[in-house]
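The structure appears right after this line, and notes come after that.
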DNA sequence: GTAGAATCTGACACTGATGTCAAGTTCAAG
DNA sequence: CTTGAACTTGACATCAGTGTCAGATTCTAC
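Residue numbers (this note's numbering), protein chains in the order written: chain A, 39 to 157; chain B, 39 to 157.
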């Protein structure tokens, strides 16, 4: 599929898709004329990338991480190096703290919302 | 207390504390010479501000929200306007989705970490 | 072959919180 | 009074992902 369709189906802008490729996160075949041509599983991959971005990982880490992910359709996954595992554990911890933070903020919002919807 | 101590106790840089003041998030008295002087409850407030930043709210929204928060020590809280409530509900929803995203990413990381720590 | 839609590359802008540096002022203690 | 630490304002830089625009090329359908 071409970039426009991929963008539509993932909700990610074409600009970002090209950026992902530039960062080594997303590969594409090319048509004879040079247009990008993506396989079906690119959809899942892009969604995964977006999740990881949303989780606060930078593109470099994602690039290291992706080859180790057992894709739905993908081939054999690479095993993470001990060093990468260390990094990922740190990320995991960070995400854990972030979730806790989000919960607290949600509680804060709830209080204010509650107070406003009370007589 | 002065800005240095507040920074130390909250883990937030002096730069950021001044920025918060500039954005109307954090008030301070001034000494005769112009140095900022914070009350004890500024500590809680700064921590709360950080949480909200971490939750992805921008300073403008936080500025609207803060007066409606019943501070631990604070006086009477303002009731949120219906419009603000709408905004906050949207933020709440966004945070909810973010948490779901983070969970998925955490699961992804776990898979990779697991796979690497297996024979 | 031609028109119009889609895509290409490359460059520059933005956002928003924070880092950093400079030059000057104030504070606290000797 | 002096000295060094702490503080002040203001300006400019950074980061990373994304938006946007321009000019050229390719694709698709008639």
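The C-beta atom is built at its ideal place from N, Cα and C for all residues, glycine as well.
C-alpha distance - residue i paired with residue j, whole-angstrom precision
i: residue 46 of chain B; j: residue 144 of chain B; result: 31 Å
i: residue 66 of chain B; j: residue 98 of chain B; result: 19 Å
i: residue 102 of chain A; j: residue 141 of chain A; result: 29 Å
i: residue 42 of chain A; j: residue 76 of chain A; result: 10 Å
i: residue 137 of chain B; j: residue 86 of chain B; result: 19 Å
i: residue 84 of chain A; j: residue 39 of chain B; result: 49 Å
i: residue 64 of chain B; j: residue 133 of chain A; result: 27 Å
i: residue 154 of chain B; j: residue 116 of chain A; result: 9 Å
i: residue 126 of chain A; j: residue 156 of chain A; result: 45 Å
i: residue 105 of chain B; j: residue 56 of chain B; result: 19 Å
i: residue 48 of chain B; j: residue 60 of chain B; result: 18 Å
i: residue 1 of chain A; j: residue 44 of chain A; result: Past the edges of chain A, shown from 39 to 157, lies residue 1 of chain A, and the structure says nothing about it.
i: residue 150 of chain B; j: residue 107 of chain A; result: 6 Å
Cross-chain neighbours of residue i in chain A, by beta carbon under 8 Å
i: residue 139 of chain B; result: 89, 92 and 93
i: residue 106 of chain B; result: 150, 153 and 154
i: residue 118 of chain B; result: 150, 151, 153 and 154
Beta-bridge partners of residue i, as assigned by DSSP
i: residue 74 of chain A; result: A:68
Within chain B, the residues that residue i reaches when beta carbons sit closer than 8 Å
i: residue 129 of chain A; result: 147
Residue i: contacting residues in chain B (beta-carbon distance under 7 Å)
i: residue 144 of chain A; result: 130 and 133
i: residue 101 of chain A; result: Here the premise fails: no neighbours, minimum Cβ distance about 13 Å.
i: residue 20 of chain A; result: Given that chain A is displayed from residue 39 to residue 157, the structure contains no residue 20 of chain A and the question cannot be resolved.
Contact list for residue i against chain A, beta-carbon separation under 7 Å
i: residue 136 of chain B; result: 92 and 140
Interface partners of residue i on chain B, CB under 9 Å
i: residue 123 of chain A; result: 150, 151, 154 and 155
Touch test, the region 55-74 of chain A against the region 116-127 of chain B, Cβ-Cβ under 8 Å, three pairs minimum: no
Could you list the residues in the region 39-65 of chain A with a C-beta less than 7 Å from some C-beta on chain B, going in chain order? none
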